[in-house]
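Student: Numbered according to the working numbering, the sequence shown terminates at residue 281, and the numbering increases by one at each position without gaps.
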Amino acid sequence: MAEPLVIAVPKGRILAEVQPLLAAAGVVPEAAFFDEDSRALRFATEDPGIALIRVRAFDVATFVAHGAAQLGIVGSDVLGEFAYPELYAPVDLKIGYCRLSVAEPKKLAETDDPRGWSHVRVATKYPHLTAEHFARRGVQAECIKLNGAMELAPMLGLAPRIVDLVSSGRTLKENGLVEVETIVEVSSRLIVNRAAMKMRAGRVVPLVEAFRRAVNEKAAA
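Right, here's the structure in full:
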């Protein structure tokens with residue numbers, strides 16, 4: 061019997077949005093998958109030919125690009141940051157909506173005009189996307205890589221601005237920051253390892269089509 065297809069799914073806030081989409085695509089995980097307190101990382105589904113892993117969002121792309129997982133669900137922000145050539149993103153799942161934005165302290169924003177920037181120093185988890193964005197505008201960007209707690213950077217003098225994902229904006233507000241520029245709108249995508257798409261087409265292609273139908277049916281409802 062062939063090894064099960066492995067689908068990598070990100071931990072965190074998106075799990076609730078992923079659940080009905082997986083079910084509609086015929087992927088029904090064991091109950092522990094949606095238990096955020098569970099320490100397990102690999103989970104069975106009702107289909108013995110499909111398994112799920114639950115990993116950090118940035119790691120989803122890496123697992124799939126290197127063939128450890130054949131499919132994954134990940135934000136377009138991660139795809140843009142890593143730009144793995146081994147990945148194919150055939151379906152916009154239309155969940156996990158947010159945006160990658162530049163933010164700065166409210167007091168600074170009162171007199172600041174992004175159109176006048178020639179050089180910026182930012183703390184971000186997205187140095188590649190950030191540098192690319194500012195380069196297109198002719199702005200030199202000095203990016204300091206952080207993996208979390210971005211909002212502390214302006215507070216502690218590490219960098220006057222940050223680039224981070226924003227959904228409701230509540231975290232920024234609670235830390236005295238405001239958005240001043242949107243870099244890119246983000247949604248979650250179904251990604252596939254290109255080699256798996258060819259070598260295991262008989263299993264992978266119908267699964268991709270099942271996700272596409274699930275998205276279309278949700279949109280039509």
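Glycine is no exception: its CB is placed at the ideal position from the N, C-alpha and C atoms. Note that the structure is a prediction, hence the values are computed from the model and not measured.
Any idea if Q130 is buried or exposed, counting beta-carbon neighbours within 10 angstroms, 16 or more meaning buried?
Tutor: By 1-based counting over the sequence shown, the position of residue 130 is 70. By the 10 Å Cβ count, Q130 comes out buried.
Student: Which one or two residues does DSSP pair with A111 in a beta bridge?
Tutor: Locating residue 111 in the sequence shown gives position 51, where the first residue counts as 1. In DSSP, A111 forms a bridge with V66 and A104.
Student: Return the CA-CA distance between C203 and E164, expressed in angstroms with no decimal places.
Tutor: Locating residue 203 in the sequence shown gives position 143, counting from the first residue. Locating residue 164 in the sequence shown gives position 104, counting from the first residue. Those two C-alpha atoms are separated by around 14 Å.
Student: Go through its chain and collect everything with a Cβ distance to T231's Cβ below 7 Å, but skip five positions before and after it.
Tutor: Walking along the sequence shown from the start, residue 231 turns up at place 171. The residues are E211.
Student: Determine the burial state of L101: buried for a count of at least 16 other Cβ atoms within 10 Å of its Cβ, exposed for fewer.
Tutor: Residue mapping note: residue 101 aligns to position 41 of the sequence shown, counting from 1. Per the 10 Å Cβ criterion, exposed.
Student: Could you tell me the distance, in whole angstroms, from the CA atom of V240 to the CA atom of E90?
Tutor: Residue mapping note: residue 240 aligns to position 180 of the sequence shown, counting from 1. Residue mapping note: residue 90 aligns to position 30 of the sequence shown, counting from 1. About 43 Å.
Student: Return yes when the Cβ of A209 is within less than 7 Å of the Cβ of V180, no when it is not.
Tutor: Counting from 1 along the sequence shown, the entry for residue 180 is found at position 120. Counting from 1 along the sequence shown, the entry for residue 209 is found at position 149. Cβ distance not < 7 Å, so V180 and A209 don't count as in contact.
Student: Can you tell me which of the three DSSP states R249 falls into?
Tutor: Along the sequence shown, read from residue 1 onward, the residue named residue 249 stands at position 189. Three-state DSSP puts R249 in a strand.
Student: Using 8 Å for Cβ pairs, my map puts V87 next to F118. What's the rounded Cβ distance?
Tutor: Looking up residue 87 in the sequence shown gives position 27. Looking up residue 118 in the sequence shown gives position 58. Rounded, the Cβ-Cβ distance is 22 Å, inconsistent with contact.
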